[in-house]
């Protein structure tokens, strides 16, 4: 069982009305955006289970879109997400699918973000109290658990030898005084060996130049910082 | 790890061994787990406290309806009631606690900013009870903060003992019910109760919320969630009073949590946040559903009462 912080009980600080349908949805949106690493022009949301049936009442749609625009779960602009997205030129679409349309958790969404160069698909579930789980990234099965408003995470894509590749990265983080509170690596064989590691760096902060520096390390494909999203 | 606990019994033993109140154990446990200094933990909780207070202040001043118009004007009505508390049966503190609890939850329904404590649906009870008692006792801000830590410690003990905060898993007893237990413990410590009295108050409170179904109309966190927070606040105060007067819960807190999970396991899915049973499928509930244009409730969830001739 994972560590339980006081602030898992006393939190997250969020815009209502539902911790799993609003705060959790927002966090899934944030992660999709961080993985996409740019402003999308098109955002499609496929909703499963109770996300599909009650998404309007719980503002799940606004929260997802707000997450994609990098808003925090407590951002007062969240209720106006649609207007803001229109201003930013992000087209969005919500496609509710039938209950039991998949074997996913009841609160699940598939987010597909696109611009003219690339696209990404992220499947995430909101598993209660603002906790979320990312189950697929570009159809590669992963298992990342995160908590809305708690962990400041970074995601790292790299080739198949986590020990060799990540060691210099950890060294670099230690040099910057960034403590690592938890790590998780998932490897998938798909064409070539690819792995994804998530690090939890509680309350610490990576600047853009630090992210770029980490990306230059050998064997690292990309580094995505979710820190700004949480601040 | 010196300050870790797996359930309420261990929490109590820890308090007795270290001769510390529950709040201090909670703070130290957090410091130990995340390797932080005390001010860091306190400051984070101050942010929680301030957010709660903002939500209450906004909530009692407005009568704006929620998006679907089911709730929105109760907090202001209750708040006026404080001035007429001479004609009320409840004490001024209890009525204020209810007003604050409703204010928080109505803010939640209006998409305002709140703290999910333990979840958004049950977010009103803890701030309602604690802030009202804080005003009544004119106690220090530090004490208020400590009460929040005590409440969180109960939440952690419930989670670690196999409990849940998810209404989809355990019904409303896991949201407003747990919130009530946490508030009862927090307020008991604020009043100077011993750790044993705090846990006893939590047990008394949770026992009275057991079996509560999660049956929100149209799946919205509005009816009955908002007013359940008010009654939850009242129960928390009653439980705290009983505990301070020496009334003991016959069943200890850990076993009450086990009972909660037992009940959760036998709960039908129609009353676990699916809006397919309970109040959600009453004629009133169905009317709202139709107005909102939601898909119809499948037939198998309707007309379950024996000898039913159809409603209305």
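Chains as they are written, first to last, in the numbering used here: chain A, 1 to 231; chain B, 1 to 312. C-beta: ideal position from N, C-alpha, C; glycine also. Everything numeric in this text was worked out from a predicted model, so none of it was measured.
Query	Result
Neighbourhood of residue 187/B by C-beta, 8 angstroms cutoff - its chain only, sequence neighbours within 5 removed	129, 130, 133, 147, 201, 236, 237 and 240
Chain A within 9 angstroms of residue 131/B, Cβ atoms only	no
Own chain residues within Cβ distance below 6 angstroms of residue 59/A, not counting five before or after	22
Residue 268/B versus residue 158/B: straight-line alpha-carbon distance, rounded	22 angstroms
Beta-carbon separation (whole angstroms), residue 109/B vs residue 226/B, contact threshold 8 angstroms	6 angstroms
Members of the segment 8 to 42 of chain A near chain B, C-beta cut-off 9 angstroms	8, 9, 10, 11, 12, 13, 14, 15, 16, 17, 18, 19, 20, 21, 22 and 23
Neighbour-count burial assignment, residue 61/A, 16 or more Cβ in a 10 Å radius	buried
Residues of the segment 143 to 173 of chain B whose Cβ lies closer than 9 angstroms to any Cβ of chain A, in chain order	148, 149, 151, 152, 153, 154, 155, 156, 158, 159, 160, 164, 165, 166, 167, 168 and 169
Test item: CB-CB of residue 79/B and residue 99/B under 9 angstroms	yes
Within-9 angstroms CB hit, residue 11/B to chain A	no
Reference residue 195/B; option with closest CA among 3/B, 13/B, 4/B and 82/B	13/B
Sequence-distant residues of its chain with Cβ nearer than 7 angstroms to residue 278/B (five each side left out)	213, 215 and 271
Counterpart residues of residue 197/A in DSSP-defined beta bridges	156/A and 185/A
Alpha helix (DSSP H) segment containing residue 24/A, residue limits	24 to 36
Strand pairing of residue 96/A, partner residues [DSSP]	47/A
is_contact[residue 67/A, chain B] using C-beta, thresh 9 angstroms	no
CA-to-CA distance, residue 19/A to residue 292/B, given in whole angstroms	22 angstroms
Selection of the segment 103 to 117 of chain B by Cβ proximity to chain A, strictly under 8 angstroms	107, 108, 109, 110, 111, 112, 113, 114, 115, 116 and 117
Delimiting residues of the beta strand (DSSP E) encompassing residue 128/A	119 to 128
Cβ distance (whole Å) where residue 93/A is taken to contact residue 40/A below 8 angstroms	That pair is no contact at about 12 angstroms.
Where residue 130/A meets chain B, residues with beta-carbon distance less than 9 angstroms	116, 119 and 120
Close beta carbons around residue 231/A, own chain, < 6 angstroms, minus the five adjacent residues each side	Note that residue 231/A scores a pLDDT of 40, beneath 50, so its modelled location is shaky; the value from the coordinates is reported in the next line. Around residue 231/A: no qualifying Cβ.
When 69/A, 11/A, 221/A and 91/A are compared against residue 169/A, the one with the closest alpha-carbon	221/A
Cβ-based neighbour list, residue 76/A, same chain, cut-off 8 angstroms, excluding 5 preceding and 5 following	15
Minimum Cβ-Cβ distance from residue 199/A to chain B less than 9 angstroms	no
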